[in-house]
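A.B. asks: Residue numbers (our numbering): 867 to 942.
We treat Cβ as the ideally placed atom computed from N, Cα and C, and that holds for glycine.
(1) Only counting the same chain, and skipping five residues up and downstream in sequence, which positions put a Cβ closer than 8 Å to that of residue 906?
(2) Check this for me: beta carbons of residue 932 and residue 897, under 9 Å apart or not?
(3) Count the other C-beta atoms from every protein chain shown that fall within 10 angstroms of the C-beta of residue 891, then say buried if there are 16 or more, exposed otherwise.
(4) Taking the alpha helix (DSSP H) that residue 910 belongs to, which residues open and close that run?
Here it is, written out as structure tokens:
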């Protein structure tokens with residue numbers, strides 16, 4: 867069962883959702899309520915980008931830095 871395509875897809879989506887939830891939680895803790903337009907940009911990131919963002923949140927000091935980071939991700 868663990869080798870089935872459906873199982874792997876469900877597992878991948880679950881990990882993606884966990885990473886997204888963690889990033890949003892960390893962003894809200896760091897900066898307070900985040901504008902919905904920024905949240906929408908975070909929601910379209912893939913899991914690898916979300917994991918990178920979670921690490922980057924430790925270094926980001928302002929919302930403008932977050933927007934710059936998101937701009938860089940969309941240009942890659």
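C.D. replies: In short, the structure shows the following:
(1) Within the chain shown, residue 906 is the residue found at index 40, counting from 1. The answer is none, since no qualifying residue turns up.
(2) Numbered from 1 along the chain shown, position 66 holds the residue referred to as residue 932. Numbered from 1 along the chain shown, position 31 holds the residue referred to as residue 897. In this structure, residue 897 lies closer than 9 Å to residue 932 by Cβ.
(3) Looking up residue 891 in the chain shown gives position 25. It counts as exposed.
(4) If you number the chain shown from 1, residue 910 lands on position 44. First-last for residue 910: undefined, no H or E at that position.
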